[in-house]
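For the sequence shown, the positions run 759 to 1007 when the numbering used here is used. Working notes for the structure below.
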Amino acid sequence: MAKKIAFTNQKGGVGKTTAVHGLAAGLKIKGQRVLVVDLDAQGNASAVAGLIIENDRKTVKELLVDGGHAEDFIVHTDLVDIIPSNNSLKDIEAAMIEGKRFDALRKSLRSLKDSYDYILLDCPPSINVFTKNALMAADEVIIPVDMGFFSILGLKQLLEEIKRSRKELNRSLILRGVLICKFDRRTALSDQIFGILRESFPDKLFKTLIRINIDLVKAQIAQKSIFDYNPRSNGAEDFMSLTEEIIHG
Ligand SMILES: Nc1ncnc2c1ncn2[C@@H]1O[C@H](COP(=O)(O)OP(=O)(O)O)[C@@H](O)[C@H]1O
Ligand SMILES: [Mg+2]
């Protein structure tokens, strides 16, 4: 049965999308069937997979609005299977809030439970209706954080939102862990932020640290997985380590 993992932090640029693709590629190497769902109107996860979606293509927006078979919305790319997104996702935000449609994604993904081992949900940089849909649909949530102060400032609010999702509909939602991304041991700030996180989440910090690695950026530009782009990079090493942590607990 597919394990659904939401990647969320309302701060942009912390490494959510990079983590989704890095983990997706690692899991694929380990023989797992992986689907990525892009829930960000910026469509970054889709772009990394080579998909700049014009309006004539089915995206997650149409899936959430019209329902139907989720299978029909999956694009199979060289990199990954993905339900893509684009800017049009914004058009349905108000109606989704008004209709209190926080369970739409969960219902849509039900039919895929036997088709994939992992479904990774790439959330937008805000706690909006799509993030709430992800938290309702997910079995687990991973919070990527970078080494900036602002990335941990919003954590309290995010943890409250996770608690609310648990109370309202998704009682079994688990905080799988906080994932430190863009780690750079050379900056003093990294040590300080690392210390704060270790104190705040003593048993919820992933052992794996995703270090700053320019190959991760270059791989995205080349629309390749980090493992194909440079298997000997720190990025490849870190994402394989994360993959092992995810698979083996
Ligand atoms: N470990 C890393 N090392 C270097 N650059 C990174 C790393 N992780 C992410 N980036 C870059 O930082 C930017 C923001 O990352 P992204 O994954 O898009 O964050 P988010 O999805 O949280 O907005 C992107 O340009 C990405 O290529
Ligand atoms: Mg992103």
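Just so it is clear, CB atoms sit at the ideal spot from N, CA and C, and this is done for glycine as well.
Where the beta strand (DSSP E) containing residue i begins and where it ends
{"i": "phenylalanine 765", "result": "761–765"}
{"i": "glycine 935", "result": "932–938"}
{"i": "leucine 837", "result": "No beta strand (DSSP E) contains leucine 837, which DSSP labels as neither H nor E."}
{"i": "glutamate 898", "result": "898–903"}
{"i": "tyrosine 876", "result": "876–880"}
Boundaries of the alpha helix (DSSP H) in which residue i is found, first to last residue
{"i": "isoleucine 1004", "result": "992–1006"}
{"i": "aspartate 1008", "result": "Within the shown structure, residues of the chain are numbered from 759 to 1007, placing residue 1008 beyond reach of any answer."}
{"i": "valine 792", "result": "That residue, valine 792, is in no alpha helix (DSSP H); its beta strand (DSSP E) goes 792–796."}
{"i": "isoleucine 972", "result": "972–979"}
{"i": "glutamate 926", "result": "913–926"}
Residue i versus residue j - alpha carbon distance
{"i": "glutamate 856", "j": "valine 887", "result": "10 angstroms"}
{"i": "asparagine 767", "j": "isoleucine 810", "result": "24 angstroms"}
{"i": "arginine 969", "j": "tyrosine 874", "result": "29 angstroms"}
{"i": "leucine 927", "j": "alanine 892", "result": "12 angstroms"}
{"i": "alanine 828", "j": "aspartate 973", "result": "33 angstroms"}
{"i": "alanine 980", "j": "arginine 868", "result": "33 angstroms"}
{"i": "glycine 826", "j": "lysine 819", "result": "12 angstroms"}
{"i": "proline 902", "j": "glutamate 957", "result": "17 angstroms"}
{"i": "arginine 815", "j": "leucine 821", "result": "11 angstroms"}
{"i": "lysine 982", "j": "alanine 782", "result": "12 angstroms"}
{"i": "lysine 890", "j": "threonine 835", "result": "27 angstroms"}
{"i": "aspartate 897", "j": "isoleucine 920", "result": "12 angstroms"}
{"i": "lysine 871", "j": "alanine 760", "result": "5 angstroms"}
{"i": "glycine 789", "j": "threonine 1001", "result": "11 angstroms"}
{"i": "valine 806", "j": "aspartate 996", "result": "19 angstroms"}
{"i": "isoleucine 850", "j": "phenylalanine 860", "result": "12 angstroms"}
{"i": "glycine 773", "j": "lysine 962", "result": "18 angstroms"}
{"i": "glycine 912", "j": "glycine 770", "result": "11 angstroms"}
Proximal residues to residue i (C-beta, below 6 angstroms), its chain only, five neighbours per side dropped
{"i": "asparagine 802", "result": "Thr775"}
{"i": "asparagine 992", "result": "Arg969 and Asn971"}
{"i": "serine 884", "result": "Gln768"}
{"i": "leucine 793", "result": "Asp839, Tyr874 and Ile877"}
Cutoff 7 angstroms; reference residue i; Cβ partners in own chain excluding five residues on either side
{"i": "methionine 998", "result": "Gly784"}
{"i": "glutamate 1003", "result": "Phe964, Lys965 and Thr966"}
{"i": "alanine 777", "result": "Phe765, Pro902, Leu937, Cys939 and Ile968"}
{"i": "lysine 848", "result": "Ala799"}
{"i": "lysine 976", "result": "Tyr987"}
Closer than 7 angstroms: residue i CB and nearest ligand 1 heavy atom
{"i": "lysine 982", "result": "no"}
{"i": "glycine 789", "result": "no"}
{"i": "arginine 864", "result": "no"}
{"i": "asparagine 971", "result": "yes"}
{"i": "glycine 825", "result": "no"}
{"i": "glycine 770", "result": "yes"}
{"i": "lysine 841", "result": "The question names lysine, but residue 841 in the sequence shown is isoleucine. No, since every heavy atom of ligand 1 falls outside the 7 angstroms radius drawn around the Cβ of isoleucine 841."}
{"i": "leucine 947", "result": "no"}
{"i": "isoleucine 810", "result": "no"}
{"i": "histidine 960", "result": "Per the sequence shown, residue 960 should be read as proline rather than histidine. No, the Cβ of proline 960 stays beyond 7 angstroms of every heavy atom of ligand 1."}
{"i": "valine 975", "result": "yes"}
{"i": "isoleucine 968", "result": "yes"}
is_contact[residue i, chain C] using C-beta, thresh 8 angstroms
{"i": "arginine 922", "result": "As a matter of chain content, chain C is missing from the structure shown, which is built from one protein chain."}
Sequence-distant residues of the same chain with beta carbon closer than 8 angstroms to residue i, five excluded per side
{"i": "isoleucine 932", "result": "Asp897, Glu898 and Val899"}
Heavy atoms of ligand 2 versus C-beta positions, residues under 5 angstroms:
This selection yields Lys774, Thr775 and Asn802.
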